[in-house]
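Going from the sequence shown to this note's numbering is simple: count from 1 and add 11. Below: one structure, written as structure tokens.
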Amino acid sequence: MRTLTQSLSQEIEMNARRKKPEDLRSHRWYGVNDVRAFGHRSRTAQMGYSRSDYAGKPVIAILNTWSDINPCHSHFRQRAEEVKRGVWQAGGFPVEIPQMTLSEPFQKPTTMLYRNLLALEAEEALRSYPADGAVLMGGCDKTTPALLMGAISMNLPAIYMPGGPMLRGNWRDQTLGSGSDVWKYWAELRAGNITDGEWQEIENGIARSPGHCMTMGTASTMTSASEALGFTLPGAASIPAADSRHARMASDTGRRAVEMVWEDLKPRDFLTAGSFDNAVTAVLAIGGSTNALVHLIALARRAGVPLTLDRFDQLSRSTPLIANIRPAGKYLMEDFFYAGGLRAVLAKIRDRLSLDERTVNGKTLGSNIAGAEVFNDDVILPRDKALVASGSLAVLRGNLAPDGAVIKPAAAESKLHKHTGPAIVFADYNDMAARIDDPELSVTPDSVLVLQNAGPLGAPGMPEWGQLPIPKKILAQGVRDMVRISDARMSGTSYGACVLHVAPESFVGGPLALVRNGDLIELDVAARKLELKVDSAELAQRRAAWKKPQPRFERGYGALYQQHVTQADQGCDFDFLEGAAPTAEPEIH
Ligand code: FES
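Quick look at the structure:
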């Protein structure tokens, strides 16, 4: 624990750093006496503000990803007002700046294609406008990493306001979870066990309030990771969107943003190897989405902190999965909140955490989780009753994935953890969609389904196609899980023996491109192995015959994307956005 001397010296350092009004970044826009500042002030007056509303006050940019097309953020107009209330109360000047939304249910081919665009937009919005600090409003899957990536690169005082999960879904007397129950009942519909009418009832009950998906999907995973990283107020990530405590958290977040500016507390002041370890450990303890690997690696590279796939595997071996939340467990995020939420989970595994890491409230993670209690130990399990004692996530390597691949063993049937079977290869998503239910497909429960060209460049955008559907004729045999391998990602709400993120991807000539029907593939989770059982001479011949596919885009954002996106093991960021080099301030003419 931190000693008294360390705490005192930190306080002295913070006081020395405390800003004065003329030190504010916005002073260059508003506080000087030149014709440009006249323009800035007269245009602020045009919006109905007096000088006393903003003079000498921190300008807090509220980056809001609200949109009519994003149901997960449908409460964000109101929440922005609550953030503003907090900013005003603390003596700041709130400025809401809309950002592109990344709406998981609607955006094609995948929001992942646009994560880096939102990150770039957030960085440039903060850079080009007179922001002294920022409140980042996100929640739906990619919005969290995107906003954090932009904020880390700009490195102004910034705090994250997680959107909060929606309430439990409901159908008749059943509780429904986002994603997980879609896949479950879709399989039942395909197997003929429920009717079209029942399927429609499920459609109308599965999402019944504002908020992001309420299973432990990518959204809850990444908002929890952002809290463990130190980017939110303590407890913020677990509060359901519809709960009045969420509105109060929004005001508290606005208030805190103003103080962070005076204290000059910036992301790279608290993002360290230890805080990233905390985020990874939190993700493992809650049974988080495999998407966290890609996003946390991207965030770390922006912060100049080394984080590799192997570190995830290392931490996984000693972290128990204790949040009994779907898809790995039984409950939903609403239950998780009532049971004590993320703070309670972190308190349970405090010996696995780096407790001295600082957070946005100026305190350490250790102090933020002090006194956190579990109120329902069937939702947040005691460690000796963990859902998975260790190894809830595994990084695989082998001749099929030289740069790594990932599997979530806890979400797969255990008999498939060690499995060798013949490949059934689909050249791309359309090929898979056209043939998966073909009665002539020579598939058995032992087959290994392989999907090529679904990675960052091949798909493009590395969509969540990794949970290939089980062929109808196999479903009819009562089988619900098979080994599936792809260079795609998988929704955090999905489950199954799905090997994901195979790197390098098939589109750039990774070994996945060389797999043919009938090749034997060996998966051995305990040995962290993924092997294509084809001899190297044959593989060399196939490689020589392999032809590089045509680029997917001729122009536009897609062309920029395909030129600069990195592979999954490196976080899929744009190469020119990585790194912690300082971002140049704009000239003000
Ligand atoms: Fe927005 Fe799932 S659709 S979080």
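Here a beta-carbon is modelled for each residue, glycine too, at the ideal position from N, C-alpha and C. Keep in mind that this is a model prediction, so the values were computed, not measured.
- request: Would you kindly work out how many angstroms separate the C-alpha atoms of residue 475 and residue 451, rounded to a whole number?
  value: Position 464 of the sequence shown holds residue 475. Position 440 of the sequence shown holds residue 451. Straight-line Cα distance between these residues: approximately 26 Å.
task: Tell me whether residue 549 sits in a helix, a strand or coil according to DSSP, three-state version.
output: To locate residue 549, count along the sequence shown from 1; it is residue 538. If DSSP states are grouped into helix, strand and coil, residue 549 belongs with the helices.
- prompt: Got a sec: is the Cβ-Cβ distance from residue 560 to anything in chain B below 8 Å?
  reply: In the structure shown, chain B cannot be found, because there is only a single protein chain.
query: If you run the structure through DSSP and keep just helix, strand and coil, what is residue 131?
result: Mapped onto the sequence shown, residue 131 falls at position 120. Here residue 131 sits in helix by DSSP.
query: By Cβ distance below 6 Å, which residues in the same chain neighbour residue 387 in space, the five residues on each side in sequence not counted?
result: Translated into positions along the sequence shown, residue 387 becomes position 376. If we look at residue 387 and ignore the five residues flanking it on each side, its Cβ neighbours are 350.
query: For residue 488, is the classification buried or exposed, using 16 other Cβ atoms within 10 angstroms of its Cβ as the cut-off for buried?
result: Position 477 of the sequence shown, counting from 1, holds the residue named residue 488. So residue 488 ends up on the exposed side.
- prompt: Helix, strand or coil for residue 374 per DSSP?
  reply: As a working note, residue 374 is residue 363 in the sequence shown. Correct three-state label for residue 374: coil.
task: Locate the beta strand (DSSP E) running through residue 107, then write down its first and last residues.
output: One-based indexing of the sequence shown puts residue 107 at position 96. Looking at the DSSP string, the run of the beta strand (DSSP E) that includes residue 107 is 104–109.
message: Rounded to the nearest angstrom, what separates residue 324 and residue 364 at their Cα positions?
response: Mapped onto the sequence shown, residue 324 falls at position 313. Mapped onto the sequence shown, residue 364 falls at position 353. Roughly 16 Å separates the two Cα atoms.
query: In chain order, what residues of the same chain lie with their CB nearer than 8 Å to the CB of residue 266, ignoring the 5 residues before and after it?
result: The sequence position of residue 266 within the sequence shown is 255, counting from 1. Hits under 8 Å: 97, 98, 100 and 101.
- prompt: My guess is that residue 562 and residue 578 are in contact by the Cβ rule of under 8 Å, so how many angstroms apart are they, rounded?
  reply: Here the question's residue 562 lines up with position 551 in the sequence shown. Here the question's residue 578 lines up with position 567 in the sequence shown. Not a contact, Cβ separation roughly 16 Å.
- prompt: If residue 3 and residue 400 are in contact, beta carbons under 8 Å, what's the gap, nearest whole angstrom?
  reply: Nothing can be reported for residue 3: it is not among the residues displayed for the chain, which extend from 12 to 600.
message: Would you call the region 420–437 in contact with the region 488–504, where contact means no fewer than 3 C-beta pairs closer than 8 Å?
response: yes
field: Residues bridged to residue 585 [DSSP beta-bridge criterion]
entry: For the purposes of this step, residue 585 is identified with residue 574 of the sequence shown, where counting begins at 1. 576, per the DSSP bridge assignment.
field: residue 211 versus residue 548: straight-line alpha-carbon distance, rounded
entry: Mapped onto the sequence shown, residue 211 falls at position 200. Mapped onto the sequence shown, residue 548 falls at position 537. Approximately 53 Å, taken between the alpha carbons.
message: Cutting at 7 Å between CB atoms, please list the residues of its own chain near residue 326, excluding the five before and the five after it.
response: Position 315 of the sequence shown, counting from 1, holds the residue named residue 326. If we look at residue 326 and ignore the five residues flanking it on each side, its Cβ neighbours are 288, 291, 292 and 295.
message: Could you check whether the Cβ of residue 345 sits closer than 7 Å to any heavy atom belonging to the ligand FES?
response: Your numbering for residue 345 matches position 334 in the sequence shown. No, Cβ of residue 345 sits at least 7 Å from all heavy atoms of the ligand FES.
query: Among 463, 507, 455 and 368, which one has its Cα closest to the Cα of residue 478?
result: Residue mapping note: residue 478 aligns to position 467 of the sequence shown, counting from 1. Of the candidates 463, 507, 455 and 368, the one whose C-alpha sits nearest the C-alpha of residue 478 is 507.
- prompt: Where does residue 440 sit, in a helix, a strand or coil, going by DSSP?
  reply: Taking the first residue of the sequence shown as position 1, residue 440 is located at position 429. Helix.
field: Cβ-based burial, residue 463 [other Cβ within 10 Å; buried from 16]
entry: In the sequence shown, the residue the question calls residue 463 occupies position 452. Answer is buried; the Cβ neighbour count reaches 16.
query: Near residue 357, what residues of its chain come up, given a Cβ to Cβ distance below 6 Å and the 5 sequence neighbours on each side ignored?
result: Locating residue 357 in the sequence shown gives position 346, counting from the first residue. The residues are 380.
- prompt: Name the DSSP beta bridge partners of residue 432, please?
  reply: For the purposes of this step, residue 432 is taken as residue 421 along the sequence shown, with counting starting at 1. Answer by DSSP bridge pairing, in chain order: 532.
- request: Quick one: which unbroken beta strand (DSSP E) runs of 3-plus residues sit fully inside the region 55–86? Chain order, please.
  value: 70–75
- request: Look at residue 122 and residue 128 and say whether their C-beta atoms are less than 8 Å apart.
  value: Numbered from 1 along the sequence shown, position 111 holds the residue referred to as residue 122. Numbered from 1 along the sequence shown, position 117 holds the residue referred to as residue 128. In this structure, residue 128 does not lie closer than 8 Å to residue 122 by Cβ.
- prompt: With burial defined as no fewer than 16 other Cβ atoms inside 10 Å of the residue's Cβ, what is the status of residue 568: buried or exposed?
  reply: Residue mapping note: residue 568 aligns to position 557 of the sequence shown, counting from 1. Burial call: exposed.
message: Taking the beta carbon of residue 259 as the centre, do at least 16 other beta carbons fall within 10 Å, making it buried, or is it exposed?
response: Translated into positions along the sequence shown, residue 259 becomes position 248. So residue 259 ends up on the exposed side.
message: If I follow the unbroken beta strand (DSSP E) through residue 171, where does it start and stop?
response: Here the question's residue 171 lines up with position 160 in the sequence shown. 169–173 is the span of the beta strand (DSSP E), which, as asked, contains residue 171.
field: Local conformation of residue 402 per DSSP, three classes
entry: Taking the first residue of the sequence shown as position 1, residue 402 is located at position 391. Residue state, collapsed to three classes: coil.
- prompt: Looking only at C-alpha atoms, which of 414, 565 and 583 sits nearest to residue 541?
  reply: Position 530 of the sequence shown, counted from the first residue, corresponds to residue 541. Of the candidates 414, 565 and 583, the one whose C-alpha sits nearest the C-alpha of residue 541 is 414.
field: Same chain, Cβ closer than 7 Å to residue 303, five either side skipped, listed in chain order
entry: By one-based count along the sequence shown, residue 303 stands at place 292. Closer than 7 Å at Cβ, skipping near neighbours: 232, 233, 236 and 294.
query: Considering only residues of the same chain and omitting the five flanking positions on each side of residue 220, which have a CB-CB separation below 8 Å?
result: As a working mapping, residue 220 is identified with position 209 in the sequence shown. Contacts found: 177, 178, 251, 252 and 253.
- prompt: Taking contact to mean at least 3 C-beta pairs separated by less than 8 Å, is the region 268–286 in contact with the region 305–322?
  reply: yes
query: For the region 198–217 against the region 154–165, are there 3 or more C-beta pairs whose distance is under 8 Å?
result: no
task: Look up residue 26 in the DSSP assignment and say whether it is helix, strand or coil.
output: For this step, residue 26 is matched to residue 15 along the sequence shown. Residue 26 falls in the helix class under three-state DSSP.
query: Listed in chain order, which residues are found with a beta carbon closer than 6 Å to a heavy atom of the ligand FES?
result: 83, 115, 116, 151, 152, 189, 223, 224, 228 and 230
field: Nearest-angstrom Cα separation, counted from residue 198 out to residue 546
entry: Here residue 546 corresponds to residue number 535 of the sequence shown, with the count starting at 1. Here residue 198 corresponds to residue number 187 of the sequence shown, with the count starting at 1. Answer to the nearest angstrom: the Cα atoms are 37 Å apart.
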